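Protein chains in written order, with my numbering: chain S, 402 to 1214; chain L, 30 to 87.
This is the structure in structure tokens:
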């Protein structure tokens, strides 16, 4: 029987008589009060269509917090932009935004609120820009409304309103359009000229069409192709000719030659070639840019990790909400259960448990006693905790990690741009050959000098040469994006082929972030499954991973019968079921101090007479982890696991996967050192990770792969992001990358062979310019057609359709 | 044949208009979100359009 799933978040509903939300005329089961509130609020706004339109369930609705601190002036000054006319504007990052239906829902729900004037939702950026009238509505009510919908709102500081990504995207779209329209027009007029050349045309008509061709090419060269000229200028000033230099030279030369021909009434013009060249290159760049923008940037990640508001205790011990930037060393702060630690400091209250998994890779919450250190960005799991602030802002460990990422990124060896440099040499050689041709013909027959040197310039197609790599790359990026694999840096595909040593992080990469019960042992008077049911009852109110695991292990769902449930910080839970008092948690807690066994992996159930059962917990391995590791090893690659977690846990996972090389309790610096050691040994190292603690390691590897759904920070320094949480995407990416390399080589070979054959013919004057233009176009088209085969080359590899793919697809398939 | 001297400048004017219209639409967020508008007609709700008030603001 399929388990009931929550109407709002899609998670299984554990109880027999679950909560119901009344939506329309029907009752729907929901898993928690937060989800019920969200569903009913959505329905009360008349927006229940959301449930039909969305294609991915949103995360579990969180209990709506108190956002009144956001109305403080000190905070608003940093986050809110006041426009002329009294309107305020804020940019909010929304955790949990997944699909276009979310944006529809947010737009609809917010615009019904008083005072809201404008809403702009960006699904790929997970942002919403709100313009409202502060006299009518407050920021806290807006944030509360977003939280009500089931999202976690993080206001971003004012600079993010000035959206660079959006501007870049719009500018390149306009350039692409101008180049496309210009290309079509120029080709239309070129066809007239080609036909005229074959069938005869009056000179005045011919010149008219040439001038028109020039007219439509001017915007293409001066507006659409400007990034290439700007790039070439930068490269030349840095004395490092890259990809932009040959492109800019080719465009400029063909354009200038065509103008000269138009002015002196020469044999041939090439405006169509120039504009087509610009359009195709811009198209490739546009796709590349879209893929790059899809990754979250460091700012987003920090917004998630670092809370903006803290609860500070004033002199009288009364808590007040203040902005984190207002905290000073020595302040006393209260961190609520489930909240994020706002600054580095030491614990003042007796003890608490913190989840540092994002920072250290430690998968289980750690126990902290009075006087021990708490790190900004970690989450208090069993609290509340009272702490004294020691370091704030840029001095915190979290900021240091971010700086380390920056440093490691600078240290990243610049991938040798062979192709670029070769193209640079090609252009130089081409200019040289052209000059020699011109000089030779000036001696032999000056009247043919211009036609011959122009033919050399045009027939020697730098387009095919310059397009050989980008066309194949753009194609493979598209194919990869359709499969939920986002390539963020240009060298990633080449690095993926070269990588022969794969270093995996454990927590969240090879394993799920959830736990599973591996063994249950009954030592009391009840059978095992009854013990499990009791345990699940006791945990019925908790969202802790251990509680989830116990509920999953108990299987069948029952109505909650437990009473007087009480969670004890650092211990476990206790409560009454059918008149009997039970305790569940760490051995010492459950047996009221009789047992000294203090294994974090073990949960013990006891009643007043003694221990009833023990449950062993373990992280669940990802479904495709074993297959992925096996495939990589089968291809002769080295595999290693580097984890910040304890030795026993890492060993268990490594044993399951059959990996011999593993290191546990590794700090970020040690990871970087280990990578440097491997690379010194001649390995091409790929790191696959997800946590923030991986971020420096990711940046220091030859190739960094982040598994989506993990910390956004890891993505920001990653070369490749596997969206949709599929590790198997790595194998697919490798297959496609190898196909890409093959196609790229074919393209380069073709353009070299073509040029080597055509240039000498043109130099000795056997190729008339019109034939040169046709050869140039055909050789470019051959390169593009060959690049389109990348899908065909990889379609044989069976690929499970990723759930996340539709929203990532940049072009309709 | 002289008609081309009228028709071709005319076509250029049309192209210029197309480019202007495209620029206008890009600058007015028409291309920022290409997925959501496709869902709006699927909605059963036909009454109030809350977006109307907002579209009047410059």
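C-beta: ideal position from N, C-alpha, C; glycine also.
Since we're looking at a predicted model, the values are computed, not measured.
One finds 51, 52 and 55 in chain L with Cβ atoms closer than 8 Å to the Cβ of residue 575 of chain S, taken in chain order. Interface criterion not met: the Cβ of residue 39 of chain L is under 9 Å from no Cβ in chain S.
Interface annotation, residue 578 of chain S: in contact with chain L, CB-CB separation under 9 Å. A distance below 6 Å between beta-carbons, with the five flanking residues on each side excluded, links residue 1138 of chain S to the following residues of its chain, in chain order: 894, 897 and 898. Between the alpha carbons of residue 781 of chain S and residue 742 of chain S lies a gap of roughly 7 Å.
If you draw a straight line from the Cα of residue 1029 of chain S to the Cα of residue 1051 of chain S, it is about 18 Å long. Three or more pairs of CB atoms, one per stretch, sit closer than 8 Å, so the segment 665-680 of chain S contacts the segment 577-596 of chain S.
Linking residue 713 of chain S to residue 474 of chain S through their CA atoms gives a straight-line distance of about 16 Å. Within the DSSP secondary-structure output, residue 902 of chain S pairs in a beta bridge with S:1039 and S:1086. Residue 741 of chain S is bridged by DSSP to S:780. Closest by C-alpha distance to residue 540 of chain S, out of S:568, S:1053 and S:493, is S:493. Taking C-alpha positions only, residue 665 of chain S is separated from residue 1172 of chain S by approximately 20 Å.
When the Cα atoms are used, residue 660 of chain S and residue 609 of chain S turn out to be separated by approximately 13 Å. Exclusion of the five residues before and after residue 51 of chain L leaves no residue of its chain whose Cβ lies closer than 6 Å to its Cβ. Using beta-carbon distances, residue 35 of chain L does not count as an interface residue toward chain S, since no partner is under 9 Å.
Residue 989 of chain S: member of the alpha helix (DSSP H) spanning 988-991, first to last residue. When 7 Å is used as the limit between beta carbons, residue 44 of chain L is near these residues of chain S: 582 and 586, in chain order. For residue 933 of chain S, the enclosing alpha helix (DSSP H) starts and ends at 929-939. In this model, residue 857 of chain S and residue 1153 of chain S are separated by some 14 Å (Cα to Cα). For residue 567 of chain S, at least one C-beta of chain L is nearer than 9 Å to its own C-beta.
Short of 6 Å from the beta carbon of residue 1155 of chain S, and not among the five residues preceding or following it, lie these beta carbons of its own chain, in chain order: 1180. Less than 9 Å separates the beta-carbon of residue 1006 of chain S from that of residue 936 of chain S. Interface with chain L (9 Å Cβ-Cβ cutoff): residue 487 of chain S is excluded. Where residue 523 of chain S is concerned, there is no enclosing alpha helix (DSSP H), although the beta strand (DSSP E) around it starts and stops at 517-523. Residue-level contact check: residue 672 of chain S does not touch chain L, since none of the beta carbons of chain L fall below 9 Å from its beta carbon.
Boundaries for residue 622 of chain S: no alpha helix (DSSP H) harbours it, and the DSSP string shows neither H nor E there.
Neighbours of residue 521 of chain S in chain L, taken as residues at a C-beta separation under 8 Å, are given in chain order as 58 and 61.
Pairing residue 668 of chain S with residue 622 of chain S gives a Cβ-Cβ distance that is not under 9 Å. Taking a beta-carbon distance threshold of 9 Å, residue 536 of chain S does not count as an interface residue toward chain L. As DSSP reads the structure, residue 1161 of chain S sits in no beta bridge. Residue burial annotation: residue 35 of chain L is exposed, with fewer than 16 other C-beta atoms found within 10 angstroms of its C-beta. Any Cβ of chain L closer than 9 Å to the Cβ of residue 424 of chain S would place that residue at the interface, and such an atom is absent. Only those residues of the segment 598-616 of chain S whose C-beta falls short of 9 Å from the nearest C-beta of chain L are listed: 603, 606, 609, 610, 613 and 616. For residue 766 of chain S, no CB of chain L lies under 9 Å from its own CB, so it is not counted at the interface with that chain. For residue 1078 of chain S, the closest Cβ of chain L is not nearer than 9 Å.
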